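Have a look at the structure below, then the notes.
Number of protein chains: 2
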Amino acid sequence: MRVVVLRLGHRPERDKRITTHVGLVARAFGASEMLLTGRDAHIEESLKDAASRWGGNFAGSFALKSDVSWKGEVIRWKEAGGKVVHLTMYGSNLPDVIDEIRGSENILVAVGAEKVPAEMYQLADWNVAVGNQPHSEVAALAVFLDRLFLGRELVEDFAGGLKIVPSARGKQVIYPEHTEKI
Amino acid sequence: MRVVVLRLGHRPERDKRITTHVGLVARAFGASEMLLTGRDAHIEESLKDAASRWGGNFAGSFALKSDVSWKGEVIRWKEAGGKVVHLTMYGSNLPDVIDEIRGSENILVAVGAEKVPAEMYQLADWNVAVGNQPHSEVAALAVFLDRLFLGRELVEDFAGGLKIVPSARGKQVIYPEHTEKI
Chain A
1 MRVVVLRLGH
11 RPERDKRITT
21 HVGLVARAFG
31 ASEMLLTGRD
41 AHIEESLKDA
51 ASRWGGNFAG
61 SFALKSDVSW
71 KGEVIRWKEA
81 GGKVVHLTMY
91 GSNLPDVIDE
101 IRGSENILVA
111 VGAEKVPAEM
121 YQLADWNVAV
131 GNQPHSEVAA
141 LAVFLDRLFL
151 GRELVEDFAG
161 GLKIVPSARG
171 KQVIYPEHTE
181 KI
Chain B
1001 MRVVVLRLGH
1011 RPERDKRITT
1021 HVGLVARAFG
1031 ASEMLLTGRD
1041 AHIEESLKDA
1051 ASRWGGNFAG
1061 SFALKSDVSW
1071 KGEVIRWKEA
1081 GGKVVHLTMY
1091 GSNLPDVIDE
1101 IRGSENILVA
1111 VGAEKVPAEM
1121 YQLADWNVAV
1131 GNQPHSEVAA
1141 LAVFLDRLFL
1151 GRELVEDFAG
1161 GLKIVPSARG
1171 KQVIYPEHTE
1181 KI
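As you go down the protein sequences, you meet chains A and B in turn.
Letter by letter, the first sequence follows residues 1 to 182 of our numbering.
Letter by letter, the second sequence follows residues 1001 to 1182 of our numbering.
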């Protein structure tokens, strides 16, 4: 299964940290790419840094593509046979649709900032709510991917880069050449 | 089970949107309260607004307490017999400890910003990683609570306030007096 995250309506100054978190979640939870409407040096830097220090995820090496047209990407994706999920608090509740969604081979997951164009609701194959309460697109994406991959993403190995050894106390990190206790 | 979220190391200008998302996730995913080191009018306003428009969650009405001493709260919590979970990418991986944690009656969940004091790792009953990759405290909290409550929080009714009717297309909201299609 291939998952790409499309971040809609990013406003550079205001959204830079939230969108960075969206991108880091996309990578850590098994997406292979993030598409961003607009461009933001801060986000490019943060995601490049994470990928170079922490390696590739089970989808391969994580990529960021900036300055995309959201509608162009959605239409192209659908024409190629892929499915589109739009995360919104107004959508069908996650537990009711996730099994059906999991049957798809290629999934584009759209996550908006404040205001999403009405057309997005129409173009999506599924409008999905991670609970019907207001919270966070970062949280919605994480829980969606966790349910989509059935928790597999939390235990998969990431290839290359630093590795954390899970530990009950303190910090244990394995570097390519040596192990160090911080 | 009672869950309270403790937000550590909040820096007002820089973290206001991330901490707001942490608070909204805490409320939407079934915590009863957020404790904040420091004070931030933006966050107080956002959380008050969410609670007054969208009602109380299954833990009751969500509260924010500002200007707490993180260490004082942690120590008081433990003295009262509660358990403390600290979310950190260096901790034990979530799937390995969540069943054990779920046996607790009162859980304080600590989520840090950039740098967390070393003492937090020692005081916590569990240091828990939601995957051992860098991503987001907003995502970590959401996935932790989703696993803790076994998904119950996504289908529970929130009492009072607006209600969204999950729908495959468009937006359907029930107001106390009438229904309106946006």
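Here a beta-carbon is modelled for each residue, glycine too, at the ideal position from N, C-alpha and C.
Because the structure is a prediction, the values reported are computed rather than measured.
{"Asked": "Sequence-distant residues of the same chain with beta carbon closer than 7 angstroms to A:Arg-11, five excluded per side", "Found": "Ala-113"}
{"Asked": "Cβ-based burial, A:Tyr-175 [other Cβ within 10 Å; buried from 16]", "Found": "exposed"}
{"Asked": "Closest residue to A:Gly-159 among A:Glu-13, A:Arg-27, A:Gly-23, A:Gly-56 (Cα-Cα distance)", "Found": "Position check: residue 159 of chain A holds Ala in this sequence, whereas Gly was assumed. The option with the nearest alpha carbon to A:Ala-159 is A:Gly-56."}
{"Asked": "Chain B contact residues for A:Met-120, given Cβ-Cβ distances below 9 angstroms", "Found": "None at all; the shortest Cβ gap to chain B is about 11 angstroms."}
{"Asked": "Stretch pair the segment 1042 to 1053 of chain B + the segment 1130 to 1150 of chain B: three plus CB contacts closer than 8 angstroms", "Found": "no"}
{"Asked": "Proximity of A:Ala-139 and B:Ala-1110 at Cβ, strictly below 9 angstroms", "Found": "no"}
{"Asked": "Proximal chain A residues relative to B:Phe-1158, where beta-carbon distance stays under 7 angstroms", "Found": "Gln-133"}
{"Asked": "Chain B contact residues for A:Val-130, given Cβ-Cβ distances below 7 angstroms", "Found": "Leu-1154"}
{"Asked": "Chain B within 9 angstroms of A:Trp-77, Cβ atoms only", "Found": "no"}
{"Asked": "Alpha-carbon spacing of A:Asp-67 relative to A:Thr-20, whole angstroms", "Found": "15 angstroms"}
{"Asked": "Member of B:Val-1097, B:Val-1165, B:Glu-1153 whose CA lies at the smallest distance from the CA of A:Tyr-90", "Found": "B:Val-1165"}
{"Asked": "B:Asp-1125 versus A:Pro-134, A:Arg-7, A:Gly-170, residue with shortest Cα-Cα distance", "Found": "A:Gly-170"}
{"Asked": "A:Leu-150, enclosing beta strand (DSSP E) - first and last residue", "Found": "No beta strand (DSSP E) holds A:Leu-150; DSSP gives it neither H nor E."}
{"Asked": "Cutoff 7 angstroms; reference A:Leu-123; Cβ partners in own chain excluding five residues on either side", "Found": "Val-74, Val-84"}
{"Asked": "Test: A:Met-89 CB closer than 9 angstroms to a CB of chain B", "Found": "yes"}
{"Asked": "According to DSSP, residues forming a beta bridge with A:Leu-6", "Found": "A:Leu-35, A:Ala-110"}
{"Asked": "B:Gly-1161 versus B:Arg-1053 - alpha carbon distance", "Found": "5 angstroms"}
{"Asked": "Cβ of A:Trp-54 within 9 angstroms of any chain B Cβ", "Found": "yes"}
{"Asked": "Delimiting residues of the alpha helix (DSSP H) encompassing B:Gln-1122", "Found": "1118 to 1123"}
{"Asked": "Pairwise C-alpha distance: A:Gly-81 and B:Leu-1008", "Found": "45 angstroms"}
{"Asked": "Outcome for B:Leu-1035 when other beta-carbon atoms lying within 10 angstroms are tallied against a minimum of 16", "Found": "buried"}
{"Asked": "Three-state class that DSSP yields for B:Ala-1051 in the structure shown", "Found": "helix"}
{"Asked": "Beta carbon proximity, B:Asp-1067 to chain D, threshold 9 angstroms", "Found": "In the displayed structure, chain D is absent; the protein chains listed are A and B."}
{"Asked": "A:Val-84 - partner residues in DSSP beta bridges", "Found": "A:Leu-108"}
{"Asked": "DSSP three-state assignment for A:Val-128, whether helix, strand or coil", "Found": "strand"}
{"Asked": "Residue span of the beta strand (DSSP E) that contains A:Leu-64, given as start and end", "Found": "63 to 65"}
{"Asked": "Close-in-space but distant-in-sequence residues of the same chain around A:Glu-153 (CB under 8 angstroms, 5 per side omitted)", "Found": "Ala-28, Phe-29, Gly-30, Asn-57, Phe-58, Leu-145, Asp-146"}
{"Asked": "Beta-carbon proximity list for B:Ala-1168, same chain, < 6 angstroms, skipping 5 on both sides", "Found": "none"}
{"Asked": "A:Ser-32 and A:Gly-60 closer than 9 angstroms at C-beta", "Found": "yes"}
{"Asked": "First and last residue of the uninterrupted beta strand (DSSP E) at B:Val-1173", "Found": "1172 to 1174"}
{"Asked": "Where B:Ser-1069 sits in the DSSP three-state scheme", "Found": "coil"}
{"Asked": "Beta-carbon neighbours of A:Arg-17, restricted to chain B and to distances below 9 angstroms", "Found": "Arg-1014, Asp-1015, Arg-1017, Ile-1018"}
{"Asked": "Residues near A:Ala-129 in its chain [Cβ-Cβ closer than 7 angstroms; skip 5 each side]", "Found": "Thr-88, Met-89, Tyr-90, Gly-91, Ser-92, Asn-93, Leu-94"}
{"Asked": "Partner residues on chain B for A:Val-85, Cβ-Cβ distance less than 8 angstroms", "Found": "Those within 8 angstroms of A:Val-85 in chain B number zero; the least Cβ separation is about 12 angstroms."}
{"Asked": "Opposing strand residues paired with B:Ala-1059 [DSSP bridges]", "Found": "Answer by DSSP bridge pairing: none, since B:Ala-1059 is not bridged."}
{"Asked": "Alpha-carbon to alpha-carbon, B:Gly-1131 and B:Gly-1103", "Found": "21 angstroms"}
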